[in-house]
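Read in order, the letters of the sequence shown correspond to residues 251 to 575 in UniProt numbering.
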Amino acid sequence: QQLEWAKLKDSKSLSKDGKQIEIAANIGTPKDLTGVIENGAEGIGLYRTEFLYMDSEDFPTEDEQYEAYKAVLEGVNGQAVVVRTMDIGGDKELPYLQLPEEMNPFLGYRAVRISLAETEMFRTQLRALLRASVHGKLRIMFPMIATVNEFRDAKAILDEEKAKLEAEGTEVSNEIQVGIMIEIPAAAVLAHQFAKEVDFFSIGTNDLIQYTMAADRMNERVSYLYQPYNPAILTLLKHVIDSAHAEGKWVGMCGEMAGDQTAVPLLLGLGLDEFSMSASSVLKTRSLVAKLDSKEMEKLANKAINECATVEEVIALVEEMQELI
Ligand code: PEP
Ligand code: MG
């Protein structure tokens, strides 16, 4: 099996009937690029920049960040890199950033909420990204967006920093796409409005499932509620994907679900454009997709959404299909 997968390293990701998708990788630091190249990922679908902050004794400087972003952009031979602005808070702490104790850190001061309040820190990161943009195909993504205004505010700050850099004579790419993570149910439900303003979505199912099911992703006792194939989740995903496509935008997924072998047939059927996962799952996913007919998967996904009441019913449906391929 490993051998069969290895043959797909330099191939495109095509379904049995020739529908092309992209299979990208998630990374935490530029060091992860080795795995990305070895496994034939088609670019980076999620670069979690908070590790740059967590691995540092103090706020990383603009130049330190610039070097890291440049290394990643140059390291993927012109493929696209989705860089997520820092997602601190929740379970991720910074010793040098004093955050107040909270009852519910996952529902608290986190990610873009911090960026929009501590704007100096945010501007430094954006400047580093903008400067690095000339070294590859950069896509900037904001995490934990709940409202359209948060996106507009973050985008306005980005545009301001771009204008400042240009006024100083620094070159910045004009091809940068700007998107958001869909990981809060309110954003998923309102995807048809967001889709008019963003360049792309990337669905963060780790958080989207936790918030939709009201089940802490770190809490073992409620882990049975962590149900990626629950028809409620699939219905939300369908709305997000259809809304983006109606506005001509692309949709990726960078949560664990994107590399889940039971979920992949459903996601292909829902029309997901980009699947981003740990590098070690790329080849097995490319191999699975090659066995699936996208039209058949569309029927499968619609059946799961329209006829299934429980996650068990959805799993049974997918297993029945898998026996036939
Ligand atoms: C997610 O929420 O699915 C995601 C990719 O972000 P993180 O796991 O870093 O919260
Ligand atoms: Mg998340």
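Don't be surprised by glycine CBs; every beta carbon is placed ideally from N, CA and C.
Is it right to say Arg389 is buried, meaning 16 or more other beta carbons lie within 10 angstroms of its own, or is it exposed? By the Cβ neighbour-count rule, Arg389 is buried, with 16 or more other Cβ atoms within 10 Å of its own.
Is Cys504 near Gly293, with beta carbons less than 8 Å apart? Taking the C-beta atoms as reference points, Gly293 is found no nearer than 8 Å to Cys504.
Quick one: is the Cβ of Asn456 within less than 7 Å of any heavy atom of the ligand MG? It does: the Cβ of Asn456 is within 7 Å (strictly closer) of some heavy atom of the ligand MG.
Status (buried if at least 16 other CB within 10 Å, exposed otherwise) for Glu506: Around the beta carbon of Glu506, 16 or more other beta carbons sit within 10 angstroms, so the residue counts as buried.
Could you tell me which of Gln251, Leu258, Gln252, Ser263 sits nearest to Asp523, measuring between CA atoms? Distances from the alpha-carbon of Asp523 to those of Gln251, Leu258, Gln252, Ser263 put Ser263 closest.
May I ask you to report which of helix, strand or coil DSSP gives Ile287? In the structure shown, Ile287 sits in a helix (DSSP, three-state: H, G or I).
Can you determine whether any heavy atom of the ligand PEP sits closer than 7 Å to the C-beta of Thr337, and answer yes or no? Reading off the sequence shown, one finds Asp at residue 337, where the question assumed Thr. Distances between the C-beta of Asp337 and the heavy atoms of the ligand PEP include at least one below 7 Å.
Alpha carbon to alpha carbon, what distance is there between Val428 and Lys405? Approximately 8 Å between the Cα atoms of the pair.
Should Pro310 be labelled buried (16 or more other beta-carbon atoms within 10 Å of its own) or exposed? Buried, since its Cβ has 16 or more Cβ neighbours within 10 Å.
For my contact list, Tyr476 and Ile459 are in at a C-beta cut-off of 8 Å; report their separation, rounded to the angstrom. About 6 Å; that satisfies the 8 Å criterion.
Where do the N-terminal and C-terminal ends of the beta strand (DSSP E) with Glu524 fall, by residue? Here the beta strand (DSSP E) through Glu524 covers 524-527.
Among the residues of its own chain, which have a CB less than 7 Å from the CB of Thr420, if the five just before and after it don't count? Within the same chain, Arg381 come within 7 Å of Thr420 by CB-CB distance, once the 5 residues on both sides are set aside.
Per DSSP, which one or two residues make a beta bridge with Ile430? Beta-bridge annotation (DSSP): Ile430 is paired with Phe392, Phe451.
What are the boundary residues of the beta strand (DSSP E) that residue 614 is part of? Nothing about residue 614 can be reported from this structure: the residues present for the chain run from 251 to 575 only.
In three-state terms, what does DSSP make of Val539? DSSP, read as helix, strand or coil, puts Val539 in helix.
Under the DSSP definition of a beta bridge, which residues are partnered with Ile271? Looking at the DSSP assignment, Ile271 forms a beta bridge with Ser263.
Rounded straight-line distance, which links the Cα of Ile364 to that of Ala256: Between Ala256 and Ile364, the C-alpha separation is close to 42 Å.
Who are the near neighbours of Ala438 in its chain, counting only those whose CB is closer than 6 Å to its CB and skipping five residues on each side? Ile432, Leu486, Val490.
So who's on the other strand from Ala330, going by DSSP bridges? Looking at the DSSP output, Ala330 bridges to Lys387.
Quick one: measure Cβ to Cβ for Arg334 and Met371, integer angstroms, because I've assumed they're closer than 8 Å. Wrong, their Cβ atoms sit about 15 Å apart, outside the cutoff.
Output needed for Asp543: all residues of its chain with C-beta closer than 8 Å, excluding positions within five of it in sequence on either side, in chain order. Cβ contact annotation for Asp543 (same chain, cutoff 8 Å, sequence separation greater than five): Ser265, Lys266, Asp267, in chain order.
Just to confirm, does Glu410 get its C-beta within under 7 Å of one of the non-hydrogen atoms of the ligand MG? No; taking the cut-off as 7 Å, the Cβ of Glu410 has no heavy atom of the ligand MG nearer than that.
Range of the contiguous alpha helix (DSSP H) that encloses Leu296: Element bounds for Leu296: not the alpha helix (DSSP H) but the beta strand (DSSP E), 294-298.
Does the beta-carbon distance from Asn289 to Ser537 come in below 8 Å? It is not a contact, given that the beta carbons lie outside the stated cut-off.
Bridge partner(s) assigned by DSSP for Ile277: Under DSSP, Ile277 shares a beta bridge with Tyr297.
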